[in-house]
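The structure appears below as structure tokens.
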Amino acid sequence: MIILWVLPVRYCSISLQEIMFGSVLNSCAFWVVVVLLVTLKLYIKLMTGICRSQKQLNGKTAIVTGANTGIGKETALDLACRGAKVILACRDLKRGRKACSEIIAQSHNSRVEVRQLDLSSLTSVRQFAHDIIRTESHLEILINNAGAGGLGPNRTADNLQIGILVGLLKKSAPSRIVMVSSMVHKYAKFDLDNLNSEKWFNDFQVYNCSKLANILVANELSRKLNGTGVTVNSLHPGVVVTDIMRQLPQPIYYITKFIMSFFFKDTKEGAQTSIYLAVSEEVEEVSGKYFSDCKEANMSKEARDEGLAKKLWEKSEVLVRLKPEEIDL
Ligand SMILES: NC(=O)c1ccc[n+]([C@@H]2O[C@H](COP(=O)([O-])OP(=O)(O)OC[C@H]3O[C@@H](n4cnc5c(N)ncnc54)[C@H](OP(=O)(O)O)[C@@H]3O)[C@@H](O)[C@H]2O)c1
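Here's what the structure looks like:
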């Protein structure tokens, strides 16, 4: 009977020790993880670049593509607060109008309007750009912000839009073109013979290559526009909590967004480098550079390849059927 009694007690006491020791270990591990996460969060907050320029933009006109949500909307809001006339170039007019009223209400600037632009349609891009030339006498800021992950085999025609608007930007100099790229351009497996996924297709690679193409185009254009008073720079906005991954399966999308919202930038923080390049006096004459957190950053070796940029420009001129009379370079 005694043996029977002692055994379970002994067994229980060992288990209790183990449990207690285990829970101490567990709680240690828990606090290590918490400290690491808080340090990471603090690091991201401290490293986030902020545009300190107080520059006002009264009398200036700006276009922001993909301005109905995310980084684009926040950028457009900032430019409107500085007094610019802001044209929100959006593919969905309903969403665009909603963003437009919100921006007008927050900025108290009624010179904000929406125009339809679907960058995956050459017809839409042509209509948009020619419409701008017809209605606007000047254009000082063009922010090529629109972009999407999980595009499938669809392509966008940013180059066509810039090409057609270049004449107006030159006429309005000093003026600025800002390309929203990404640090993932460094992982692009770029192939000039696969611009339309003729040889192979991979969703992530399509995105990475499109972001590398943004920088190559910005650099080539900056060389072509040298001495005209039009600057062209590209940027990585940081990892920003937006709807960019809305193409992912819903559960993965919501889980990723939830985790990201704790660590990464909000849209206001994510818009800072775009705003900086569009307004800051510090970069008035800087062109052909790549920025992150409102500071110049390193672009990949491929992104710096002038020969590749030239070939891409020539090839995309053919692909978007840019007519010589449409471009003034
Ligand atoms: N979020 C990040 O962590 C991150 C990191 C690096 C770079 N970026 C870049 O930052 C830019 C803005 O992204 P975001 O994070 O703000 O994403 P977002 O919230 O998804 O906004 C993207 C915007 O682009 C528009 N768009 C997409 N395809 C278009 C098309 N074919 N024609 C016209 N507009 C189109 C979207 O319009 P709809 O609303 O109609 O879809 C939306 O307004 C993108 O170029 C993205 O690649 C983002």
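Be aware that the sequence shown starts at 1, since it is given in my numbering, and climbs by one per residue.
For each residue, glycine too, the CB sits at the ideal point set by N, CA and C.
Item, Value
"Helix, strand or coil: which one does DSSP assign to A62?", "strand"
"Kindly provide the ranges of any beta strand (DSSP E) runs that are 3 or more residues long and lie completely inside the region 214 to 302, ordered along the chain.", "230 to 236 and 290 to 292"
"Could you tell me the boundaries of the alpha helix (DSSP H) in which V178 lies?", "First-last for V178: S175 to V180, but that is the beta strand (DSSP E), not the alpha helix (DSSP H)."
"Pull up the DSSP beta-bridge partners for N144, would you.", "M179"
"Can you tell which of A173, A89 and K323 has the C-alpha that lies nearest to the C-alpha of V232?", "A173"
"Run through the DSSP bridge pairs and tell me what L88 is partnered with.", "V64 and V114"
"Quick check: does the Cβ of D328 come within less than 6 Å of any heavy atom belonging to ligand 1?", "no"
"Is the CB of A105 under 7 Å away from at least one CB in chain C?", "Given the protein chain composition of this structure (a single chain), no chain C is represented."
"State the start and end residues of the unbroken alpha helix (DSSP H) segment that holds F128.", "L122 to T135"
"Identify, in the order they occur along the chain, each residue of the same chain with its Cβ nearer than 6 Å to the Cβ of Q116, setting aside the five sequence neighbours on each side.", "L93"
"Suppose the cutoff is 6 Å on Cβ atoms and the five residues either side in sequence are ignored; what does the same chain contact list for R97 look like?", "V114"
"Pick out whichever of D328, F262 and F291 has its Cα sitting closest to the Cα of Q272.", "F291"
"CB-CB under 6 Å to C12, same chain, minus the five flanking residues each way: which ones, in chain order?", "In this predicted model, C12 has a pLDDT of only 45, less than 50, meaning its place in the structure is not dependable enough to derive any value."
"According to DSSP, is N202 part of a helix, a strand, or is it coil?", "coil"
"How big is the Cα-Cα spacing for I63 and V32?", "46 Å"
"List the whole-angstrom C-beta distance separating S107 from C81, where the pair is believed to meet the contact cut-off of C-beta under 8 Å.", "5 Å"
"Any heavy atom of ligand 1 closer than 6 Å to the Cβ of N233?", "no"
"One question on the structure: do A129 and L165 come within less than 7 Å of each other, judged by their Cβ atoms?", "yes"
"Hey, how far is the Cα of M299 from the Cα of K186?", "7 Å"
"Determine the closest residue to K73 out of Q56, K60, A146 and A29, with distance taken between C-alpha atoms.", "A146"
"Do you know how far the Cα of T242 is from the Cα of K257?", "8 Å"
"Are there any heavy atoms of ligand 1 lying less than 6 Å away from the beta-carbon of I71, as far as the coordinates show?", "yes"
"Comparing the CB of L119 with every heavy atom of ligand 1, is any distance shorter than 6 Å?", "yes"
"According to the neighbour-count rule (16 or more other Cβ atoms, all chains shown, within 10 Å of its Cβ), is F201 buried or exposed?", "exposed"
"Output the boundary residues of the alpha helix (DSSP H) element that contains G96.", "L93 to S107"
"Looking at C-beta atoms only, is the number of pairs between the region 211 to 226 and the region 293 to 309 that lie closer than 8 Å three or more?", "yes"
"Can you give the beta carbon distance from G167 to S222, rounded, assuming they're within the 8 Å contact cut?", "About 17 Å; that fails the 8 Å criterion."
"Applying the criterion that 16 or more other CB atoms from any shown protein chain within 10 Å of the CB defines a buried residue, is Q56 buried or exposed?", "exposed"
"Cutting at 7 Å between CB atoms, please list the residues of its own chain near D118, excluding the five before and the five after it.", "R91 and S124"
"Measuring only from the beta carbon, is V239 closer than 6 Å to any heavy atom that is part of ligand 1?", "yes"
"Say yes only if the C-beta of E78 is nearer than 6 Å to one or more non-hydrogen atoms of ligand 1, and no if none qualify.", "Correcting the residue type first, residue 78 is Asp in the shown sequence and not Glu. D78 Cβ: outside cutoff for every heavy atom of ligand 1."
"Measuring from the CB of I259, is there a heavy atom of ligand 1 at a distance below 6 Å?", "no"
"Assuming V318 is part of the alpha helix (DSSP H), what are its boundary residues?", "E306 to L319"
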